[in-house]
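Residue numbers (the working numbering): 111 to 175.
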């Protein structure tokens with residue numbers, strides 16, 4: 111199973127934030143998640159922390175493989 115990065119906006123009105131937490135808790139290979147404060151359902155990519163965390167995840171996983 112591959113490492114999994116969970117990203118979820120705290121203000122998501124389509125998929126409740128609690129679902130992101132549940133997925134993180136149940137995912138056997140979840141890495142440190144990114145909870146984007148203030149982000150909704152389709153705007154997490156507008157927050158700089160999104161690209162920063164995604165870049166970090168990809169670099170670590172590429173380095174480990």
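Each residue gets a CB set at the ideal place from its N, CA and C atoms; glycine is no exception.
These numbers were taken from a predicted model, which means no experiment stands behind them.
Are residue 120 and residue 148 touching if we call contact CB-CB under 9 Å?
As a first step, residue 120 must be located in the chain shown, where it is residue number 10. As a first step, residue 148 must be located in the chain shown, where it is residue number 38. Going by C-beta atoms, residue 120 is nearer than 9 Å to residue 148.
Check for me: the beta strand (DSSP E) holding residue 130 runs from which residue to which?
Taking the first residue of the chain shown as position 1, residue 130 is located at position 20. Where residue 130 is concerned, there is no enclosing beta strand (DSSP E), although the alpha helix (DSSP H) it sits in stretches over 127-136.
CA-CA distance, residue 116 and residue 130?
For this step, residue 116 is matched to residue 6 along the chain shown. For this step, residue 130 is matched to residue 20 along the chain shown. C-alpha separation (whole angstroms): 7 Å.
Specify, as a first and last residue, the run of the beta strand (DSSP E) that residue 144 falls within.
As a working note, residue 144 is residue 34 in the chain shown. It spans 144-146 - the beta strand (DSSP E) in which residue 144 sits, taken as one unbroken run.
Using DSSP bridges, identify the partner residues of residue 117.
Here residue 117 corresponds to residue number 7 of the chain shown, with the count starting at 1. Note: residue 117 sits in a beta bridge opposite 144.
Hey, out of 171, 111, 167, 122, whose CA is closest to residue 143's CA?
Here the question's residue 143 lines up with position 33 in the chain shown. Among 171, 111, 167, 122, the Cα nearest to that of residue 143 is on 167.
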